[in-house]
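A short write-up of the structure that comes next.
4 protein chains.
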Amino acid sequence: MFETIIVPRVSETDGAGHINNTTIPVWFEAGREEIFKLFTPDLSFQNWRMVIIHFDVDFIQQLYYGKKVTVKTWIKEIGNTSLKIDEEIHQDGKCCAKGSSIYVNFNFTTQKTERIPELIRMELVKHLYPMDDKYQPDQEPFGMA
Amino acid sequence: MFETIIVPRVSETDGAGHINNTTIPVWFEAGREEIFKLFTPDLSFQNWRMVIIHFDVDFIQQLYYGKKVTVKTWIKEIGNTSLKIDEEIHQDGKCCAKGSSIYVNFNFTTQKTERIPELIRMELVKHLYPMDDKYQPDQEPFGMA
Amino acid sequence: MFETIIVPRVSETDGAGHINNTTIPVWFEAGREEIFKLFTPDLSFQNWRMVIIHFDVDFIQQLYYGKKVTVKTWIKEIGNTSLKIDEEIHQDGKCCAKGSSIYVNFNFTTQKTERIPELIRMELVKHLYPMDDKYQPDQEPFGMA
Amino acid sequence: MFETIIVPRVSETDGAGHINNTTIPVWFEAGREEIFKLFTPDLSFQNWRMVIIHFDVDFIQQLYYGKKVTVKTWIKEIGNTSLKIDEEIHQDGKCCAKGSSIYVNFNFTTQKTERIPELIRMELVKHLYPMDDKYQPDQEPFGMA
Chain D
1 MFETIIVPRV SETDGAGHIN NTTIPVWFEA GREEIFKLFT PDLSFQNWRM
51 VIIHFDVDFI QQLYYGKKVT VKTWIKEIGN TSLKIDEEIH QDGKCCAKGS
101 SIYVNFNFTT QKTERIPELI RMELVKHLYP MDDKYQPDQE PFGMA
Chain L
146 MFETIIVPRV SETDGAGHIN NTTIPVWFEA GREEIFKLFT PDLSFQNWRM
196 VIIHFDVDFI QQLYYGKKVT VKTWIKEIGN TSLKIDEEIH QDGKCCAKGS
246 SIYVNFNFTT QKTERIPELI RMELVKHLYP MDDKYQPDQE PFGMA
Chain V
291 MFETIIVPRV SETDGAGHIN NTTIPVWFEA GREEIFKLFT PDLSFQNWRM
341 VIIHFDVDFI QQLYYGKKVT VKTWIKEIGN TSLKIDEEIH QDGKCCAKGS
391 SIYVNFNFTT QKTERIPELI RMELVKHLYP MDDKYQPDQE PFGMA
Chain C
436 MFETIIVPRV SETDGAGHIN NTTIPVWFEA GREEIFKLFT PDLSFQNWRM
486 VIIHFDVDFI QQLYYGKKVT VKTWIKEIGN TSLKIDEEIH QDGKCCAKGS
536 SIYVNFNFTT QKTERIPELI RMELVKHLYP MDDKYQPDQE PFGMA
């Protein structure tokens, strides 16, 4: 699991007095930085590989300005060319939002997806969701080529 | 269906050269304004009713700065207290992103969900997804109280 | 003058119930699209020229969600390599924010500023601030090389 | 001086490959949190006091994704009801952006500005810009009532 501490910003709230729902994907994306780094060690856009093809969010409790949040990020499933990530946002000891995202390992030069390299798989495996033995390296678990 | 024309902004792109994925929920939320107005005619936060509990997005094609996009917004299902909305973003004649969201009709004073009033239902029905006869007014179709 | 109509978004408000101050530069940048197009007709980042070196904003009245705003954009001064732009945001018939920005015409390949071409100057002059005869094409009015 | 460490986000970059200019006011606002807390100790919007009336930014060097930045925040001048704040953003040992902002101490109930209380002044003075003896508590230094 990766943990990222985030300090909510005034500009991330909305008129209803809480954190706006569109801020949550921004925080979740921030939580994935260590995974981006596995694919693009210098984090440069010239060498970028990770392309998102899906995300979903469940809003469980309102999040507020004024208290730090923790983003928890796990690898949920590793496919041939793709990767499923699960995330949670906690504030004040409560899980306030849950989400998942699916990325593909994309070669921008050839404009094609590529198999996730073994060295990266070995790192990803260390961050698999606990109690979860779904690691099936040569299958695409969510219906992808 | 509701249609909303949006002009992409430089600040909505990212270093990979396209519209950043976190912009899509912002555009989808913008597409729901006419629905927010049914629940809160003056669009004031004092009278706000619509609370989001879920959204998901599928990214189909990259979206770019420099060309207008159209957000298409349909009512997908109307429950007792909740509402499912389906949306698409089109650019250059292609559907580039699809998403759905679930809202509840929330009374901030009592902090409870309330049945969607009949007058609002009558309006919502006019914007149901085409070819879709799932309107079951007294059932909660997505497992909600 | 260029005029851009913008529909405020829920995600652009903050917990104080109005449009957040950090939204204003986003709207002002949106108002400059026609100027960007003069320098980069296809609006592609490969051919991008306009680099911002300064902006300032004066907040005059609160701006709210629920009512359209108009961004008014003028050319204030044209230097050798640089350009000063003045902007206002109006809502409900009142000027709610004023700002100015300074851009340079930048060649990303040579990493140097370049003189604004004559053909672009001829277009820019048409959008000079009214009652303003400060157009001094061969002088850098704000202390720039 | 207050120092705030910020990790740049992919969503804060733009198609030109660097941090978008509209992100800078967001980071500067994040740098002011300890000052907001002096005026509103619980950081709740019900008790909010600080209203921004001006900001300006000078862009000195490009800022990039992939390396932490430090926001440095000083009190520049303390007026009767208002406050001038100076800020810098550093990355890789270089000052990349400078800015200042002016806030008033606003009572949302009476809709009037109020004198900054003595206890808050005593705290603010501790964070005055170094080498700066402009503290004139009973004068409004930037032409405000």
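Protein chains in written order, with the working numbering: chain D, 1 to 145; chain L, 146 to 290; chain V, 291 to 435; chain C, 436 to 580. In this text, a Cβ means the ideal position worked out from N, Cα and C, and glycines have one as well. No experiment lies behind these values; they were computed from the predicted model shown.
Item	Value
Hey, is L:Asp187's beta-carbon within less than 8 Å of any beta-carbon in chain V?	yes
Taking contact to mean at least 3 C-beta pairs separated by less than 8 Å, is the stretch 404-415 of chain V in contact with the stretch 376-388 of chain V?	no
Cβ atoms of L:Ala242 and L:Val202: under 8 Å apart, would you say?	yes
Mark C:Thr458 as exposed unless 16 or more other C-beta atoms lie within 10 angstroms of its C-beta, in which case mark it buried.	buried
Just to confirm, is the Cβ distance from L:Phe184 to L:Asn250 under 8 Å?	yes
Roughly how far, in whole angstroms, is the beta-carbon of C:Val442 from the beta-carbon of D:Arg9, given that I think they are within contact range, below 8 Å?	That belief does not hold up - the Cβ atoms of C:Val442 and D:Arg9 are roughly 13 Å apart, past 8 Å.
Would you decide whether L:Thr254 is buried or exposed? Buried here means 16 or more other CB atoms lie within 10 Å of its CB.	exposed
Does DSSP put C:Phe437 in a helix, in a strand, or in coil?	strand
Quick one, which of C:Tyr499, C:Val486, C:Ile454, C:Leu563 has its alpha-carbon nearest C:Thr508's?	C:Leu563
With respect to the beta strand (DSSP E) encompassing L:Glu174, which residues constitute its N-terminal and C-terminal limits?	From DSSP, L:Glu174 is part of no beta strand (DSSP E) but of the alpha helix (DSSP H) over 168-176.
Give a yes or no on whether the minimum CB-CB distance between L:Arg154 and chain V is below 8 Å.	yes
Expressed to the nearest angstrom, what Euclidean distance is found between the alpha-carbon atoms of C:Leu498 and L:Tyr209?	22 Å
Using 8 Å for Cβ pairs, my map puts D:Ser82 next to D:Ile102. What's the rounded Cβ distance?	6 Å
In chain order, what residues of the stretch 26-51 of chain D put their CB closer than 8 Å to some CB of chain C?	Val26, Glu29, Ala30, Glu33, Phe36, Asp42, Leu43, Ser44, Phe45
Quick one: does L:Asp159 have its CB under 8 Å from some CB of chain C?	yes
Could you give the DSSP three-state label for C:Ser536: helix, strand or coil?	strand
Could you please tell me which residues of the stretch 244-272 of chain L, in chain order, have their CB closer than 9 Å to any CB of chain V?	none
Would you list the residues sitting across from C:Asn517 in a DSSP beta bridge?	As written in the sequence, residue 517 of chain C is Ser, which differs from the Asn given in the question. Answer is C:Val539.
Beta strand (DSSP E) containing D:Ile120: first to last residue?	Careful: D:Ile120 lies outside any beta strand (DSSP E), inside the alpha helix (DSSP H) at 118-125.
Look at the alpha carbon of C:His535 and the alpha carbon of C:Phe437, and state the distance between them as a whole number of angstroms.	As written in the sequence, residue 535 of chain C is Ser, which differs from the His given in the question. When rounded, the distance between both Cα atoms is 14 Å.
Compute the distance between the beta-carbons of D:Phe59 and D:Asn21, then report whether it is under 8 Å.	yes
Tell me whether the beta-carbon of C:Gly450 lies closer than 8 Å to the beta-carbon of L:Thr158.	yes
Is the beta carbon of V:Phe318 closer than 8 Å to that of V:Met340?	no
Going straight from the alpha carbon of V:His308 to that of L:Lys221, what length do you get?	31 Å
On a CA-only basis, which of C:Ser446, C:Gln481, C:Gly528, C:Gln496 is nearest D:Glu158? Give me that one, please.	Lying outside 1 to 145, the shown extent of chain D, residue 158 of chain D is not represented and no answer is given.
So, does the CB of V:Asp348 fall closer than 8 Å to a CB anywhere in chain C?	yes
C:Gly501 touches chain D at which residues, Cβ-Cβ below 8 Å?	Asp42, Leu43, Ser44
With 8 Å set as the bound, which would you pick, yes or no: does the beta-carbon of V:Thr294 sit closer than that to a beta-carbon of chain D?	no
Quick check: is the beta carbon of L:Thr167 nearer than 8 Å to any beta carbon in chain D?	yes
Please state whether DSSP places V:Val361 in a helix, a strand or coil.	strand
Give the single residue among V:Lys402, V:Ile295, V:Gln336, V:Gly356 whose Cα lies nearest to the Cα of L:Gln191.	V:Gly356
Quick one: residues in its chain with C-beta nearer than 8 Å to the C-beta of C:Pro565, no 5 flanking neighbours on either side, listed in chain order?	Met436, Trp509
Give the single residue among L:Phe200, L:His199, L:Ala175 whose Cα lies nearest to the Cα of L:Leu188.	L:Ala175
On the DSSP bridge assignment, give the partners of C:Val492 in chain order.	V:Phe345, C:Gly534
Do we get a CB-CB distance below 8 Å when we pair D:Ile85 with the residues of chain L?	no
Please classify L:Ile150 as buried or exposed, where buried requires at least 16 neighbouring CB atoms within 10 angstroms.	exposed
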